[in-house]
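Residue numbers (full-length UniProt numbering): 1 to 212.
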């Protein structure tokens, strides 16, 4: 079994120590950082995502795998900076103003990182201007917004409208999600996509990035 397969397997088992050890071993064997990322860490997280999608595993398993992935990423980060390894793109995420929940948003962030995206997580209670300005400054491709409460959903429309006002809606796409959000609501506010769960959100964001 090669070292990248070992990384993928131990990531799926949530074994941080083994993932770290085999990531270092892969570097020592002169594996390209991009290969370690794509064929080891991301490969493992993709399998985790598929298993989660069909309810073969559950949220605690995803979180353990994510911790193992971060352990490997921490070792690779200096090599990424040195070699300027490209990412799939930048995504700004956050729970909208007035909304203090972040479990779903955090899970989307984990899955996006696992898919190779660079994530800028603004946390919760994020104002429309903060979403737009951060995305503009960071040259992000997508803004991902989450809302648990129906009372905070109108903030999502404010973000979409603000992007239009600033003529940024063609370069920065929007995706919305959360317990109270529906595909119909996403269409009503003219958001580019609706993610009903973390797996669907990642699939939609990949499509939005390719459409840019």
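Just so it is clear, CB atoms sit at the ideal spot from N, CA and C, and this is done for glycine as well.
Classified as buried, residue 48 has 16 or more neighbouring CB atoms from the shown chains inside 10 Å of its CB.
Separation of residue 97 and residue 3 (C-alpha to C-alpha, rounded to the nearest whole angstrom) is 45 Å. Between the region 16-24 and the region 69-81, the count of Cβ pairs shorter than 8 Å is three or higher; the stretches touch.
Classified as exposed, residue 58 has fewer than 16 neighbouring CB atoms from the shown chains inside 10 Å of its CB.
Counting C-beta pairs closer than 8 Å gives fewer than three between the region 154-171 and the region 110-118, which falls short of the contact rule. Within the UniProt domain "B12-binding" (88-212), complete alpha helix (DSSP H) segments of at least 4 residues are found at 103-114, 128-138, 154-165, 183-188 and 198-211, given in chain order.
Runs of alpha helix (DSSP H) with 4 or more residues, each lying fully within the UniProt domain "B12-binding N-terminal" (1-88), are found at 3-12, 16-28, 33-36, 43-53 and 59-83, listed in chain order. The beta carbon of residue 173 is closer than 6 Å to those of 142, 192 and 208 in its chain, skipping five residues each way along the sequence. Relative to residue 109, the option among 198, 14 and 13 whose CA is nearest is 198. Taking one beta carbon from each stretch, the region 170-186 and the region 141-156 have 3 or more pairs nearer than 8 Å; the two touch.
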